[in-house]
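Let me begin by presenting the structure, written as structure tokens, before commenting on it.
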Amino acid sequence: MALAELKRVRFRYAGSDHYALDEVTLSAERGEFVLLVGPSGCGKSTLLRVLNGLVPHFYEGDFEGEARVAGLDVRSTPTHILAKHVGMVFQDPENQLFLSSVEREIAFGLENMGLPRAEVKRRVREVLKEFNLESVKDRAPYELSGGQQQKVAIASVMALEPEILALDEPTANLDPLSALEILSLVTRLVNEKGVLALVVEHRLELALRFATRMIVMVDGRIAADGAPRDVLLKSGSIVGYPPVVLTHLLLKRKGLVSDGVPLTSEELARVVIGKWATRYS
Amino acid sequence: MGDAILVENVYFSYEDLPVLKGVTLTVRTGETLAIMGENGAGKTTLIKHFIGLLKPERGRVLVFGVDTREASVAQLARRVGIVFQNPDHQLFAESVEGEVLFTLKNMGYPPDEARAICERVLKLFELDRYRNRSPYSLSVGERKRLAIAAVMSYDPDVLVLDEPTAGQDFFNKSKISKLIFRLKRQGKGVVVVTHDVEFAAQVADRVALMVDGRIIREGPARDVLTDAETLKRARLMMPQIPTAVALLEAEGLKLPRKPLLPGAFYLEILDLLNHRWVGP
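Protein chains in written order, with my numbering: chain A, 1 to 281; chain B, 282 to 561.
Put into structure tokens, the structure is as follows:
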């Protein structure tokens, strides 16, 4: 069984007459970096909330279909159990960080799980080291930059050693360099620990290079799901083409390049240089 | 193009924390200026000076010739409309329509005229079908549009948008850029505070980079957004197209017009492949 598995899930928030999720079927495995995109209100956040049980345990409504995370049925498993398997990080870390020091912030979730003191201490030490936060461990999270805060938010959910990391627009308020740092950090967790990351992000020009898979949602449904290059070609009119992709499409229309959509400036430059070299050297 | 706002050697501190350390900047009508830099660089503090919400400790700010220390916020806001990053701080009426009507009433418009303008603005911003709904029932993107609509309703000469694209999807982003182009055509001045370099490449004529309370670079978008070193100091990076152009240059393939956007880049690549720009 896949690590995260949804079968024909439909969900309607209480009091709403339209389905936020409509017949959503997907399965995802360890080691995937899934980029989740689509217009505002398309159901991306609701999908993440299903994974950690906020839907339907906290946000009530009509839930149909089947959702399993690490083999656990989301509907019948309490959220504090699901929290061990799915770490959730939001756009605004200020809503998530509330303790007086980075160290205590990271310890909080572990203490809540009822781990013995020595084990809590060991894991906090490990996480501070791993996320390079030792130098700020005594500082209050609100004193840190937005990028650092987001790092603390990720560190404190990763302390619980979840197999799944769900990030809802984690870089929306960050400058581009901090955003890249956060997305690289997530990639490292995916590659080194085999975490399954699901990341909601609008800025494709930043996020695409990290994704192993891209899912586009429209109106509660999955409109496209697959390799980022393929999905982008299919759904660019919905999610927008990053500038390098747009350039590629213009060149392609002129018959100058073939398929193989570039995801970064480096890839596009390489294609152009190659083209030039075959003509003139 | 005329000078709309002159910021002259402005210093400002919150308590003992200096936030602006000698900022000089001109906002002009008929052009779009992007103020860029990392969080905490002082961008929002700077734009609060544009309507006298904050007054300089040293230096001065002139809005269409009027010193902000000698005018009320209401007077200045009539010429300069600001839409802050979080629309929720700006919306408080019970309905979408009420929001725009309230703003117009505040600006002294008689009820009949206010109603007519409100009608037009809601249509323009595609909010007319929500007219009776509470602003809080709208999506973030729609709330942002409503905040812009309310400010635009009284027709200020300068519109200032603080992080207009943060958290916005592709459709909303395109709507915001279209709006900016239209305002510019009408001769308005537009200021966007942003760290979205692709968006700046698309809409900005001029870019000012802020670091730690100072403007470290200001000039045409084409020059500033291709200056990798200085962008990095402001925790920004070059947009995708200039990055690709720099990589081509490193291989000896020069594109003299420094394109920022896909269309222009594409034309330069065509020229390049037709051998026009290579070698002396």
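Glycine included, every Cβ here is placed at the ideal spot set by N, Cα and C.
Residue i: buried (16+ other C-beta within 10 angstroms of its C-beta) or exposed?
{"i": "D142(A)", "result": "At residue 142(A) the sequence reads Tyr, which differs from the Asp that was named. Looking at its Cβ environment, which holds fewer than 16 other Cβ atoms inside 10 Å, Y142(A) is exposed."}
{"i": "S294(B)", "result": "exposed"}
{"i": "V124(A)", "result": "buried"}
{"i": "R466(B)", "result": "exposed"}
{"i": "Y547(B)", "result": "buried"}
{"i": "H202(A)", "result": "buried"}
{"i": "D138(A)", "result": "exposed"}
{"i": "P39(A)", "result": "buried"}
{"i": "H18(A)", "result": "exposed"}
{"i": "A531(B)", "result": "exposed"}
{"i": "I154(A)", "result": "buried"}
{"i": "M214(A)", "result": "buried"}
{"i": "H80(A)", "result": "exposed"}
{"i": "K454(B)", "result": "buried"}
{"i": "F58(A)", "result": "exposed"}
{"i": "S135(A)", "result": "exposed"}
{"i": "D259(A)", "result": "exposed"}
{"i": "N52(A)", "result": "buried"}
{"i": "G194(A)", "result": "exposed"}
{"i": "R350(B)", "result": "exposed"}
{"i": "H476(B)", "result": "buried"}
Pick helix, strand or coil for residue i, following the three-state DSSP scheme.
{"i": "K404(B)", "result": "helix"}
{"i": "E103(A)", "result": "helix"}
{"i": "A211(A)", "result": "coil"}
{"i": "G340(B)", "result": "strand"}
{"i": "S582(B)", "result": "Any property of residue 582(B) remains undetermined from this structure, which presents chain B solely from 282 to 561."}
{"i": "D17(A)", "result": "coil"}
{"i": "T264(A)", "result": "coil"}
{"i": "G560(B)", "result": "Summary for G560(B): the model assigns pLDDT 49, below 50, so the residue's position carries little reliability, and this model does not support an answer."}
{"i": "G87(A)", "result": "strand"}
{"i": "E23(A)", "result": "strand"}
{"i": "F546(B)", "result": "helix"}
{"i": "M1(A)", "result": "coil"}
{"i": "F131(A)", "result": "coil"}
{"i": "T446(B)", "result": "coil"}
{"i": "R498(B)", "result": "strand"}
{"i": "L284(A)", "result": "There is simply no residue 284(A) to check, as chain A begins at 1 and stops at 281 in what is shown."}
{"i": "R117(A)", "result": "helix"}
{"i": "K7(A)", "result": "strand"}
{"i": "A153(A)", "result": "helix"}
{"i": "A358(B)", "result": "helix"}
{"i": "G65(A)", "result": "strand"}
{"i": "F33(A)", "result": "strand"}
{"i": "R12(A)", "result": "strand"}
{"i": "L185(A)", "result": "helix"}
{"i": "R203(A)", "result": "coil"}
{"i": "V505(B)", "result": "helix"}
{"i": "R412(B)", "result": "coil"}
{"i": "L385(B)", "result": "helix"}
{"i": "L552(B)", "result": "Looking at the sequence itself, residue 552(B) is Asp, so the reference to Leu does not match. D552(B) falls in the helix class under three-state DSSP."}
{"i": "L54(A)", "result": "helix"}
{"i": "E163(A)", "result": "coil"}
{"i": "V190(A)", "result": "helix"}
{"i": "A197(A)", "result": "strand"}
Which residues does DSSP list as the beta-bridge partners of residue i?
{"i": "P299(B)", "result": "S294(B)"}
{"i": "M217(A)", "result": "I222(A)"}
{"i": "D393(B)", "result": "Paired residues: none, contrary to the question."}
{"i": "M317(B)", "result": "T475(B) and L490(B)"}
{"i": "A28(A)", "result": "A4(A)"}
{"i": "V369(B)", "result": "According to the sequence provided, residue 369(B) is Asp. The question's Val does not apply to it. Partner(s): none; D369(B) has no beta bridge."}
Are the stretch 168 to 188 of chain A and the stretch 66 to 76 of chain A touching by the rule of at least three beta carbon pairs closer than 8 angstroms? Contact between the stretch 168 to 188 of chain A and the stretch 66 to 76 of chain A is absent, with fewer than three C-beta pairs closer than 8 angstroms.
Would you say the stretch 515 to 529 of chain B touches the stretch 540 to 551 of chain B, given that touching needs at least three Cβ pairs under 8 angstroms? Segment contact: the stretch 515 to 529 of chain B against the stretch 540 to 551 of chain B, three or more CB-CB distances shorter than 8 angstroms; contact assigned.
Pull out every residue of the stretch 358 to 374 of chain B whose Cβ sits closer than 9 angstroms to any Cβ of chain A, in chain order. Cβ contacts with chain A come from Q366.
Below 9 angstroms between beta carbons is the criterion; list the residues of the stretch 438 to 450 of chain B that meet it against any residue of chain A, in chain order. Taking 9 angstroms as the Cβ-Cβ cut-off, the stretch 438 to 450 of chain B approaches chain A at E444, T446, A447, G448, Q449 and D450, given in chain order.
Below 8 angstroms between beta carbons is the criterion; list the residues of the stretch 466 to 494 of chain B that meet it against any residue of chain A, in chain order. Closer than 8 angstroms at the C-beta level to chain A, one finds these residues of the stretch 466 to 494 of chain B: H476, D477, V478, E479 and A482.
Under 9 angstroms (Cβ pairs) to chain A, residues found in the stretch 416 to 427 of chain B: When CB distances to chain A are screened at a threshold of 9 angstroms, the residues of the stretch 416 to 427 of chain B falling below it are S420, V421, G422 and E423, in chain order.
Check whether the stretch 137 to 152 of chain A touches the stretch 70 to 77 of chain A, counting contact only when three or more Cβ pairs, one atom from each stretch, lie closer than 8 angstroms. Contact between the stretch 137 to 152 of chain A and the stretch 70 to 77 of chain A is absent, because fewer than three Cβ pairs lie under 8 angstroms.
Using 8 angstroms as the cut-off, can you tell me whether the stretch 100 to 118 of chain A makes contact with the stretch 158 to 173 of chain A, which would need three or more C-beta pairs spanning the two stretches below that distance? Enough Cβ pairs lie closer than 8 angstroms, so yes.
What residues in the stretch 518 to 532 of chain B have a beta carbon less than 9 angstroms from any beta carbon of chain A? Listed by position along the chain: M518, M519, P520, Q521, I522, P523, T524, A525, V526, A527, L528, L529, A531 and E532.
In the stretch 541 to 555 of chain B, which residues sit with their C-beta less than 8 angstroms from some C-beta in chain A, listed in chain order? Those residues of the stretch 541 to 555 of chain B that come within reach of chain A (Cβ to Cβ, closer than 8 angstroms) are L542, P543, G544, F546, Y547, I550, L551, L553 and L554.
Evaluate contact between the stretch 415 to 425 of chain B and the stretch 459 to 473 of chain B, counting only Cβ atoms and requiring at least three cross-stretch pairs below 8 angstroms. The answer is no - the stretch 459 to 473 of chain B does not touch the stretch 415 to 425 of chain B, with fewer than three Cβ pairs under 8 angstroms.
Note down, in chain order, all residues in the stretch 236 to 248 of chain A with a beta-carbon under 8 angstroms from any beta-carbon belonging to chain B. Answer set for the stretch 236 to 248 of chain A: I238, V239, G240, P242, P243, V244, L246 and T247.
Would the stretch 487 to 495 of chain B and the stretch 306 to 322 of chain B be scored as touching if the rule is three or more Cβ pairs under 8 angstroms? In this structure the stretch 487 to 495 of chain B touches the stretch 306 to 322 of chain B; the number of beta carbon pairs closer than 8 angstroms is three or more.
Beta carbons nearer than 9 angstroms to chain B: which residues of the stretch 183 to 204 of chain A have them? Taking a C-beta cut-off of 9 angstroms against chain B, the contacting residues of the stretch 183 to 204 of chain A are H202, R203 and L204, listed in chain order.
Below 8 angstroms between beta carbons is the criterion; list the residues of the stretch 320 to 336 of chain B that meet it against any residue of chain A, in chain order. Contact annotation: in the stretch 320 to 336 of chain B, residues whose CB is within less than 8 angstroms of a CB in chain A are N320 and G321.
Can you give me, in chain order, the residues of the stretch 122 to 156 of chain A that have a beta carbon less than 8 angstroms from any beta carbon in chain B? Those would be S145 and G146, in chain order.
Within 8 angstroms, do at least three Cβ pairs link the stretch 495 to 505 of chain B to the stretch 334 to 350 of chain B? These segments do not touch.
Pair every Cβ in the stretch 317 to 332 of chain B with every Cβ in the stretch 430 to 446 of chain B, then say whether three or more of these pairs are closer than 8 angstroms. In this structure the stretch 317 to 332 of chain B lies against the stretch 430 to 446 of chain B, because at least three pairs of beta carbons, one per stretch, are closer than 8 angstroms.
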